[in-house]
Amino acid sequence: MERILVTGATGHLGSAIITTLLKRISASRISVITRQPDKLADFESKGYKAFLGSYDNIKVLEKAMKGVDTVLLISSGDQGDRMQEHKNVIDAAKKTGVQRIAYTSRSLRERSSLANQLMEEHFQTEDYIKACGMAYTLFRNILYMDTIPQFIGGNLALEHGIYLPAGDGAVAFALRSEIGEAMANVLLAKDTENKIYNFTGNRSYTFYDIASALSELSGNTVNYSNVEENEFKVMMKQRNVPEPVIEKIVNFITDIKHNQEADVYPDMETSLGRKPVSLKEGLRILFGF
1 MERILVTGAT
11 GHLGSAIITT
21 LLKRISASRI
31 SVITRQPDKL
41 ADFESKGYKA
51 FLGSYDNIKV
61 LEKAMKGVDT
71 VLLISSGDQG
81 DRMQEHKNVI
91 DAAKKTGVQR
101 IAYTSRSLRE
111 RSSLANQLME
121 EHFQTEDYIK
131 ACGMAYTLFR
141 NILYMDTIPQ
151 FIGGNLALEH
161 GIYLPAGDGA
171 VAFALRSEIG
181 EAMANVLLAK
191 DTENKIYNFT
201 GNRSYTFYDI
211 ASALSELSGN
221 TVNYSNVEEN
231 EFKVMMKQRN
241 VPEPVIEKIV
251 NFITDIKHNQ
261 EADVYPDMET
271 SLGRKPVSLK
281 EGLRILFGF
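Here the UniProt record's numbering is used: the first residue of the sequence shown is 1, the next is one more, and so on.
As structure tokens, then:
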């Protein structure tokens, strides 16, 4: 009986994946790793095989992976040494005889011209996985539609408009919950081939499109202003956003401007068995219209 280990199980993506897994397999066939003691007890009470630990705790990783067929490595945050954390998980999987490792990467057009170098670590992780010798499934996920409110300033954008240096760059946004569902469907399919899936929406959208959709949904006129990068940085400083955070945001937006996330693939629709949620439908959910 196949067992799947989901790392980062308490996050939004991990929760969406587990929700779909439970429709087809029992909790007893799902192992999870969590950093939160209260969540550990909750998982155990529901029948999961749960472990308290992090990507830095190699003993816990190895213990959690014993008897596991597939490990889903949900990418770590960028606060620590992300590459070393990823290597710890991959090495533990190989050492304990895991048959397949899956990884949540990013769907980006061109590795060599990325402005956001944090994204390069996703490709480095892919390279490490391919070199480890285990079977692999790589999920290259598009930027979550769920991040749009953060980028545009939430409900304030409905009153004051959208100000970003993104030009007419487009993103094939998809809801995080649907990406998680599509990933779970692939994991349950037990495909033995090494595969890369690009999970994107069915079309790409600019911030002009986002402004137009919000105008229709809210009944207010929402405009998108393509501001200069320096002007945007000044706006962020006036809001007391820390300099490192500003640089991170600008790099994300620069890649959007250069259409790094504009490519559309059929993989998500195929894995879901239906069309992904459109921009307008997604914004209605996210803003509660």
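The beta-carbon is built from N, C-alpha and C at its ideal position, and this holds for glycine as well.
Cβ-based burial, residue i [other Cβ within 10 Å; buried from 16]
i: Glu126; result: buried
i: Gly80; result: exposed
i: Glu231; result: exposed
i: Ser45; result: exposed
i: Gln36; result: exposed
i: Leu138; result: buried
i: Asp255; result: buried
i: Val277; result: buried
i: Ile285; result: exposed
i: Phe51; result: buried
i: Asn155; result: exposed
i: Phe289; result: exposed
i: Asn88; result: buried
i: Glu181; result: buried
i: Val250; result: buried
i: Ala172; result: buried
Closest residue to residue i among the options (Cα-Cα distance)
i: Asp168; options: Thr270, Ile253, Ser75, Ala102; result: Ile253
i: His258; options: Thr10, Gly219, Ser112; result: Ser112
i: Ser177; options: Leu61, Thr206, Ala115, Met268; result: Met268
i: Tyr103; options: Glu85, Gly154, Gln260; result: Glu85
i: Gly14; options: Leu286, Ile142, Ala184; result: Ala184
i: Asn198; options: Ile152, Lys233, Val234, Val264; result: Val264
i: Thr70; options: Glu261, Leu283, Leu21; result: Leu21
i: Gln150; options: Ile18, Ala41, Asn141, Phe287; result: Phe287
i: Ala174; options: Leu143, Leu158, Gly47; result: Leu143
i: Gln260; options: Ala170, Ala64, Leu118; result: Ala170
i: Thr221; options: Arg239, Thr206, Glu159, Ile249; result: Glu159
i: Leu272; options: Val241, Ile179, Tyr205; result: Ile179
i: Gly133; options: Arg106, Ser107, Ile90; result: Ile90
i: Gly190; options: Ala135, Arg274, Leu40; result: Per the sequence shown, the amino acid found at residue 190 is Lys instead of Gly. Of Ala135, Arg274, Leu40, the residue nearest in Cα terms is Ala135.
i: Val68; options: Lys49, Asn57, Ser54, Tyr55; result: Lys49
i: Arg100; options: Asn88, Ile246, Thr192, Asp209; result: Thr192
i: Ile129; options: Lys59, Val98, Asp209; result: Val98
i: Asp42; options: Ala27, Ile17, Ala182, Val241; result: Ala27
i: Glu110; options: Met83, Ala131, Lys87, Arg140; result: Arg140
i: Met145; options: Asn88, Lys23, Arg203; result: Arg203
i: Phe207; options: Ile25, Thr10, Ala157; result: Ala157
i: Ala115; options: Ile18, Lys248, Glu243, Thr10; result: Lys248
i: Lys280; options: Arg239, Met236, Met235, Gly201; result: Gly201
i: Lys195; options: Arg274, Ser105, Val245, Ala262; result: Ser105
i: Val186; options: Gly282, Gly11, Ile18, Thr10; result: Ile18
i: residue 290; options: Ala262, Met83, Gly282, Pro266; result: There is no way to answer for residue 290, as the model of the chain reaches only from 1 to 289.
i: residue 329; options: Gly153, Glu2, Ala131, Arg24; result: Nothing in the structure corresponds to residue 329, since the chain is present only between 1 and 289.
Where residue i sits in the DSSP three-state scheme
i: Tyr163; result: strand
i: Leu286; result: helix
i: Lys195; result: strand
i: Tyr265; result: coil
i: Phe51; result: strand
i: Asn185; result: helix
i: Lys275; result: coil
i: Ala115; result: coil
Bridge-paired residues (DSSP) for residue i
i: Arg29; result: Looking at the DSSP assignment, Arg29 forms no beta bridge with any residue, so it has no partner.
i: Ala135; result: Arg100
i: Ile90; result: Ile90 is not bridged to any residue.
i: Ile4; result: Ile30, Thr70
i: Arg106; result: Asn141
i: Val171; result: Tyr205
i: Ser225; result: Tyr163
- [ ] Evaluate contact between the segment 71–88 and the segment 116–136, counting only Cβ atoms and requiring at least three cross-stretch pairs below 8 Å.
- [x] yes
Open item on the list: Within 8 Å, do at least three Cβ pairs link the segment 214–223 to the segment 89–105?
Closed with: No: fewer than three Cβ pairs fall under 8 Å.
- [ ] Pair every Cβ in the segment 25–40 with every Cβ in the segment 1–13, then say whether three or more of these pairs are closer than 8 Å.
- [x] With the rule of 3 Cβ pairs closer than 8 Å, the segment 25–40 counts as touching the segment 1–13.
Open item on the list: Quick check: the segment 146–165 against the segment 223–240, are at least 3 beta-carbon pairs closer than 8 Å?
Closed with: yes
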